[in-house]
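**Student:**
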Amino acid sequence: MSITRRLLGKAALGLAGAALLMQGTALAADRPAPFDKPGVKIALVRYLSTGDFFQAYLSGVEAQAKALGVDLRVLDSRQDAALQADMVDQAIALGVQGIIIQHGLTESMKDAAQRAVDAGIKVVAFDVNVENPKIPQIEQSDRDLARLALEQAVTDNGDSWKAGYVYVAGIAPLDRRNETWVDVKKKHSGISEVAMFGTLDNPIANSVANQARSVLQAHPDIKVMFAPYDEFAKGVKIAVDEAGLNKGIKIYSADISTSDIAAMREPDSAWAATAATNPAVVGQVSVRALAQLLAGEDPGHNVIVPPTLITQKELVDKDIKNMEDLSAKLPQFAHADVAMPAWMPNPNAK
């Protein structure tokens, strides 16, 4: 039998494939159980999913799950608290080894989370307090998000102004941000909250815009709007623009997305600043913390992702037009070295 160039090529490809397979096996073997073998199943049980933040968060969860080689199931309750609790039971029935609970209400998720723990399933919770010492809480450092945005508001406007405030109680991240707002008002007695409003009715931005129209009519002396969730800020901006008040009111928010960046960069935009973590990175951290639990490691009870202040001026001066630009030009935004043991694969690695 003669050895042709084609046969040599096929042999080389076969050897290369075998090398890659061996490399993948070796990489898996370097990881602790259960990640040294395929077949790990986890579930993401969602309460909120509307808006760019939650789409990016999901992409981060998916990227880290893929890097770990786990089977991810996504269960979306679309803001139905009772359904979200039922979905935890569905995840248990699916035989998953770990569950990420993403947002929700304490009263509906506390017992559901405990049922998962009782079933021997590892659980982490992002932005919902399930009041369980066995369940790590993934946080964006919500108090710092609010603090950074409000410090910028004071820098821009002084410490005496009338404010509108968008808030919905009972949602853990909003409650934590509210604590900072209360503290800032105590520290700066010249800040007067003349209106509080807010809703999570879908579509959130349009629903908030409807409320903001009435607030602006009733309180034409408002100079600052604190809207510590980007869907809230979008709604306020719609109302401010319609009223032609974009040069007289400044909006300060939390969270960021490509569409938020475009809105902030508009000429004479009222949206002055936001404080944010990269939602995709928060999604990755959620999976990593869960993976540490599954591997018998302790990620800590409070797993905190540090935020970054992002101003309208910075976006314009650095010509940041989207989330990719933001990660490239603000490296601290691109990756958080949180819940990152040596064996953990980094989905952001080039």
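Here the sequence shown stands for residues -28 to -1, 1 to 322, where the numbers follow mature numbering (1 follows the signal peptide of the UniProt record, and there is no 0).
Every residue, glycine too, gets a C-beta built ideally from N, C-alpha and C.
#1: Taking Asp48 as part of the alpha helix (DSSP H), name the residues at either end of that continuous run.
#2: Taking 8 Å as the cut-off, decide whether the C-beta atoms of Leu47 and Gln62 are in contact.
#3: Rounded to whole angstroms, how far is the Cβ of Val257 from the Cβ of Ala314, which I believe are closer than 8 Å?
#4: Going by other Cβ atoms of all chains shown within 10 Å of its Cβ, with 16 needed for buried, is Thr127 buried or exposed?
#5: Output needed for Ala53: all residues of its chain with C-beta closer than 6 Å, excluding positions within five of it in sequence on either side, in chain order.
#6: With a threshold of 16 other CB atoms inside 10 Å of the CB of Leu66, please say whether the residue is buried or exposed.
#7: According to DSSP, what are the bridge partners of Leu16?
#8: By the three-class DSSP mapping on this structure, what secondary structure does Tyr29 have?
#9: Could you check what DSSP says for Ile64 in three-state terms: helix, strand or coil?
#10: Using a Cβ-Cβ cut-off of 6 Å (strictly less than) and excluding sequence neighbours within five positions of Ala215, which residues of its own chain qualify?
#11: Quick check: Ala177 and Lys219, are their CB atoms within less than 8 Å of each other?
#12: When the distance is taken between beta carbons, is Phe204 closer than 8 Å to Val180?
#13: Is DSSP giving Asn178 helix, strand or coil here?
#14: Tell me the rounded alpha-carbon separation between Gln304 and Met168.
#15: Between which two residues does the beta strand (DSSP E) harbouring Thr230 extend?
#16: Cutting at 8 Å between CB atoms, please list the residues of its own chain near Arg87, excluding the five before and the five after it.
#17: Considering only residues of the same chain and omitting the five flanking positions on each side of Val156, which have a CB-CB separation below 6 Å?
#18: Buried or exposed, going by whether 16 or more other CB atoms sit within 10 Å of the CB of Gly136?
#19: Within this structure, are the beta carbons of Val253 and Ala37 separated by less than 8 Å?
#20: For Gly255, which residues in the same chain have their Cβ closer than 6 Å to its Cβ, ignoring the five residues on either side in sequence?
#21: Which residue wins for smallest C-alpha separation from Ala125, given the options Arg50, Gly70, Asp99, Ser225?
#22: From the DSSP output, read off the bridge partner residues of Phe198.
#23: For the beta strand (DSSP E) holding Trp153, just list the boundary residues, first then last.
**Tutor:** The relevant details are as follows:
#1: Along the sequence shown, read from residue 1 onward, the residue named residue 48 stands at position 76. From DSSP, Asp48 is part of no alpha helix (DSSP H) but of the beta strand (DSSP E) over 43 to 48.
#2: Indexing the sequence shown from 1 puts residue 47 at position 75. Indexing the sequence shown from 1 puts residue 62 at position 90. Yes. Within cutoff.
#3: Taking the first residue of the sequence shown as position 1, residue 257 is located at position 285. Taking the first residue of the sequence shown as position 1, residue 314 is located at position 342. Not really, about 16 Å apart at Cβ, beyond 8 Å.
#4: Against the sequence shown, residue 127 aligns to sequence position 155. Label assigned to Thr127: exposed.
#5: As a position in the sequence shown, residue 53 is number 81, starting the count at 1. Answer for Ala53: Leu77, Ser80, listed in chain order.
#6: Taking the sequence shown and counting its residues from 1, one reaches residue 66 at position 94. Its Cβ having fewer than 16 others within 10 Å, Leu66 is exposed.
#7: Residue 16 sits at position 44 when you count from the first residue of the sequence shown. Its beta-bridge partners are Val46, Ile72.
#8: Counting from 1 along the sequence shown, the entry for residue 29 is found at position 57. Correct three-state label for Tyr29: helix.
#9: Taking the sequence shown and counting its residues from 1, the one referred to as residue 64 is at position 92. Reduced to three states, the DSSP call for Ile64 is helix.
#10: As a position in the sequence shown, residue 215 is number 243, starting the count at 1. Non-local beta-carbon contacts of Ala215 in its own chain, meaning distances under 6 Å to residues more than five positions away in sequence, involve Leu188 in chain order.
#11: Locating residue 177 in the sequence shown gives position 205, counting from the first residue. Locating residue 219 in the sequence shown gives position 247, counting from the first residue. No, Cβ-Cβ distance for Ala177 and Lys219 is not below 8 Å.
#12: As a working mapping, residue 180 is identified with position 208 in the sequence shown. As a working mapping, residue 204 is identified with position 232 in the sequence shown. In this structure, Phe204 lies closer than 8 Å to Val180 by Cβ.
#13: Here residue 178 refers to the residue found at position 206 when the sequence shown is read from its first residue. Helix.
#14: Here residue 304 refers to the residue found at position 332 when the sequence shown is read from its first residue. Here residue 168 refers to the residue found at position 196 when the sequence shown is read from its first residue. Gln304 and Met168: Cα-Cα distance of roughly 33 Å.
#15: Mapped onto the sequence shown, residue 230 falls at position 258. Not the beta strand (DSSP E): Thr230 falls in the alpha helix (DSSP H), residues 230 to 237.
#16: Counting from one through the sequence shown, the residue named residue 87 turns up at place 115. Cβ neighbours of Arg87 beyond the five flanking positions: Val60, Asp61, Ile64.
#17: Along the sequence shown, read from residue 1 onward, the residue named residue 156 stands at position 184. These residues qualify, in order along the chain: Leu122.
#18: Taking the sequence shown and counting its residues from 1, one reaches residue 136 at position 164. Buried.
#19: On the sequence shown, residue 253 is found 281 positions in, with the first residue counted as 1. On the sequence shown, residue 37 is found 65 positions in, with the first residue counted as 1. Ala37 sits away from Val253, with the two beta carbons spaced by 8 Å or more.
#20: Here residue 255 corresponds to residue number 283 of the sequence shown, with the count starting at 1. Once the five neighbours on either side are set aside, the close Cβ partners of Gly255 are Tyr29, Gly32, Val33.
#21: In the sequence shown, the residue the question calls residue 125 occupies position 153. When each option's Cα is compared against that of Ala125, the closest is Ser225.
#22: Indexing the sequence shown from 1 puts residue 198 at position 226. Residue pairing of Phe198 in beta bridges, as defined by DSSP: Tyr137, Tyr224.
#23: Position 181 of the sequence shown, counted from the start, is the residue given in the question as residue 153. Unbroken run through Trp153 is the alpha helix (DSSP H), 144 to 159; no beta strand (DSSP E).
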